[in-house]
Amino acid sequence: MIGFVLVKRISKSYILVVLLLYACLTYRMLEYVFQDIAQTGASIKNYRFDGKFEIQLENVTFLINKLLHQRNNLNSGDYSLLKMLREHNIKSEVDIEPVLLNEDYVVSGAYPIKKRVYTPTSKYIINCKNIHEIDLKRKIGHGVSKQTLLGDFRGMPVAVKMVTRHQREVRHCIEKLNHSDTEFLSHRAKCFMFSNMKLMKKILMLEQLSHPGFIKLLGYCVRNEESDTMDLSERGVISVYELGTRISVYNLQALTWRERIQHSLHLARFLYYLEFSPLGSLRIRDFKEEHFLMSNGTLKMIDLDDVDNLEPSCSVYVNEVEHGNITFESQNQGCDFAIPCHKGLCVGFNAKQNMKFMYKLFFNVLIFPTAIPNPLSGDLRNVLRRLDGNRISAAELIAIFDKLSAFDN
28 MIGFVLVKRI SKSYILVVLL LYACLTYRML EYVFQDIAQT GASIKNYRFD
78 GKFEIQLENV TFLINKLLHQ RNNLNSGDYS LLKMLREHNI KSEVDIEPVL
128 LNEDYVVSGA YPIKKRVYTP TSKYIINCKN IHEIDLKRKI GHGVSKQTLL
178 GDFRGMPVAV KMVTRHQREV RHCIEKLNHS DTEFLSHRAK CFMFSNMKLM
228 KKILMLEQLS HPGFIKLLGY CVRNEESDTM DLSERGVISV YELGTRISVY
278 NLQALTWRER IQHSLHLARF LYYLEFSPLG SLRIRDFKEE HFLMSNGTLK
328 MIDLDDVDNL EPSCSVYVNE VEHGNITFES QNQGCDFAIP CHKGLCVGFN
378 AKQNMKFMYK LFFNVLIFPT AIPNPLSGDL RNVLRRLDGN RISAAELIAI
428 FDKLSAFDN
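In the working numbering, the protein residues as written are 28 to 436.
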């Protein structure tokens with residue numbers, strides 16, 4: 028019994044010793060912390076740590092507000108990032124509300140923190156938040172995989188593109204499915220996948236390309252893969268464009284010669300942009316009249332499904348061996364237009380191909396020397412000859428058409 032009491036007293040003593048050591052350690056740690064604060068706030072006047080467990084509240088408040096001020100400076104970088112994301116329509120379903128830094132919390136005598144308001148902006152007027160405001164009127168066009176509908180957005184006519192089950196590419200896929208299959212719905216969803224990818228490709232390309240030769244993207248909404256409903260507040264992938272009118276190339280001959288020269292100058296600049304675009308030299312594989320519209324008096328391309336930056340490949344091989352000397356000769360295998368093979372690619376082919384088809388579709392009509400002042404007809408005939416032989420570049424065309432457009436008769 029006596030031993031038990033003795034052990035109990037000793038245990039209490041040990042507990043007291045441990046608590047005392049813990050208190051001393053905590054005190055010492057706090058002392059170091061406040062010494063660090065004092066060092067970081069070395070510019071503060073009359074700051075002192077007297078070794079006792081008390082802090083001058085005014086000085087600590089000063090330090091806190093200084094840190095808040097530094098945090099606000101860092102936040103300005105965050106606001107720039109939010110603005111960039113908003114401009115690129117990333118997560119258009121999520122609203123980035125204005126951020127208000129209120130100066131009321133700043134204690135008197137601290138650094139002044141001014142109100143800073145971030146107002147979100149976007150280069151698109153339509154996104155997932157307001158796309159349901161579009162009133163769909165009627166179908167105005169369709170392709171293999173997409174359908175175009177006339178819509179009204181706040182009094183402005185717009186063209187709305189989406190993938191529907193009525194398009195040939197999707198319809199044929201669905202018709203091949205077995206409706207009794209337990210996985211019919213999942214297989215049916217896959218029928219929309221490739222067409223939705225092509226619609227997304229156009230959206231992504233127009234995000235990176237900027238030229239009046241492309242139809243203007245007014246906005247888009249990408250939520251999910253839902254493709255059955257016509258309710259724009261639920262539909263998965265939708266894109267909205269400025270509205271244009273169909274053209275007949277041969278009706279362009281009825282324009283005045285100045286208007287035809289201006290259209291030619293615009294198309295030459297468009298070809299130059301395609302050749303030196305941010306995505307590399309782009310080639311329009313499917314050059315058709317129906318892929319262009321007239322919008323605001325300008326010819327614009329609307330279909331980017333078959334646009335890419337792939338130059339054709341070619342090969343270089345050993346031509347002959349004479350007296351131990353190997354002679355290499357570049358063969359234009361796959362390189363039309365007499366383009367030399369460069370590192371396995373026909374570099375410059377895309378630009379030549381675009382020029383060839385632009386001449387056949389537009390230039391051959393627009394600059395045909397009819398009803399054009401005589402002083403210009405000779406220059407235009409020379410341009411047509413060079414275009415026919417594909418012996419002229421977009422840069423040269425721009426210089427020529429720019430000079431002709433300035434002609435005063």
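Glycine included, each C-beta is placed from N, C-alpha and C at the ideal position.
- The bridge partners DSSP lists for Val276 come to none.
- Each residue's CA atom was taken as its position, placing Thr175 and Leu245 some 14 Å apart.
- Only residues of its own chain outside the window of five on either side were considered, and among them Phe180 and Arg181 have a CB closer than 8 Å to the CB of Glu160, listed in chain order.
- A Cβ-Cβ separation of about 6 Å places Phe241 in contact with Lys327 under the 8 Å criterion.
- Ranked by Cα distance from Ser322, the options Lys173, Pro184 and Phe384 are led by Pro184.
- Per the coordinates, the alpha-carbon of Asn154 lies some 5 Å from the alpha-carbon of Cys248.
- Our two residues, Cys368 and Asn377, have alpha carbons roughly 14 Å apart in a direct line.
- Nearest to Ser237 by alpha-carbon distance, out of Ile394, Arg165 and Tyr300, is Tyr300.
- The C-beta distance from Glu316 to Val276 rounds to 6 Å, short enough to fall under 8 Å.
- Take the alpha-carbon of Pro396 and the one of Phe297: they are about 22 Å apart.
- Listed in chain order, the non-local C-beta contacts of Gln380 below 7 Å within the same chain comprise Arg310, local neighbours out to five positions each way being set aside.
- The continuous beta strand (DSSP E) containing Ser266 extends over residues Val264 to Glu269.
- Exposure of Gln235 is indicated by the presence of fewer than 16 other C-beta atoms within 10 angstroms of its C-beta.
- In the DSSP assignment, Tyr300 falls within the alpha helix (DSSP H) that extends over Trp284 to Glu302.
- Each of Ala433, Pro305 and Leu414 was checked against the Cα of Pro400, and the nearest Cα belongs to Ala433.
- DSSP places Asp363 outside both helix and strand once states are collapsed to three, so it counts as coil.
- With the rule of 3 Cβ pairs closer than 8 Å, the region 186–196 counts as touching the region 264–271.
- From the listed residues Ser340, Asp313, Thr325 and Pro339, the smallest Cα separation to Asp333 is found for Asp313.
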